[in-house]
Amino acid sequence: MAHAQVGDVPRTTPAPIRAPHPPVPRIPAGPAAAPRTAPAFRGVLRHRHCHRLLLSSVAGRLALGMAPVALILAARADGHFLATAGLLAALHGIAPALGLPLLGRLAELRGLLMPCCLGAVLVATALGTLAVAGTARLPLAALCVALAGAGR
2 MAHAQVGDVP
12 RTTPAPIRAP
22 HPPVPRIPAG
32 PAAAPRTAPA
42 FRGVLRHRHC
52 HRLLLSSVAG
62 RLALGMAPVA
72 LILAARADGH
82 FLATAGLLAA
92 LHGIAPALGL
102 PLLGRLAELR
112 GLLMPCCLGA
122 VLVATALGTL
132 AVAGTARLPL
142 AALCVALAGA
152 GR
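Per the working numbering, numbering of the sequence shown is gapless, rising by one per residue and ending at 153.
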């Protein structure tokens, strides 16, 4: 059986007639504006409140970056294998996937102040308990790590 090609099939309707495009209006040449460039990092740092904002942002986020490293170092100091220490750090990284949607829903219902305070108290209590108890009792350490991760 022979197959017909697209070009072989006769056209039953005439091709639509396309309307001509309107001419593009010409804009008279005026004074050329200077090309704008992005501000340099040094220029941004010269603003009045930039230093305060940058330092507070770095100081506030420092604990988030140090917690997994501190968990690994504490677990290794208590005699756990590196795999166990890594699991504690991973649990601290995965726990926000469960806790933060709950805190976000609470923020929608009650406003922002309550979930922020609740999360701060939860993280401080969990990490304080972990600092006092250590990682020798692994189930308690895992619970504290999960609560600390869920509250951040």
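We put the CB at the ideal spot given by N, CA and C, even for glycine.
- Annotated three-state conformation of Gly61 is helix, per DSSP.
- In terms of CA proximity to Gly129, Val146 leads the group Pro116, Val146 and Leu119.
- Taking all protein chains in view, the Cβ of Thr38 is surrounded by fewer than 16 other Cβ atoms within 10 Å, so the residue is classified as exposed.
- Separation of Arg111 and Val25 (C-alpha to C-alpha, rounded to the nearest whole angstrom) is 55 angstroms.
- The C-beta distance from Ala151 to Leu99 rounds to 6 angstroms, short enough to fall under 8 angstroms.
- When the beta-carbon positions are compared, Leu107 and Met115 come within less than 9 angstroms of each other.
- Taking C-beta atoms under 8 angstroms as the contact rule, Thr136 and Ala142 qualify, at a distance of about 4 angstroms.
- If you ignore the 5 residues before and after Ala90, its C-beta comes within less than 6 angstroms of the C-beta of Pro69, Leu72 and Ile73, all in its own chain and listed in chain order.
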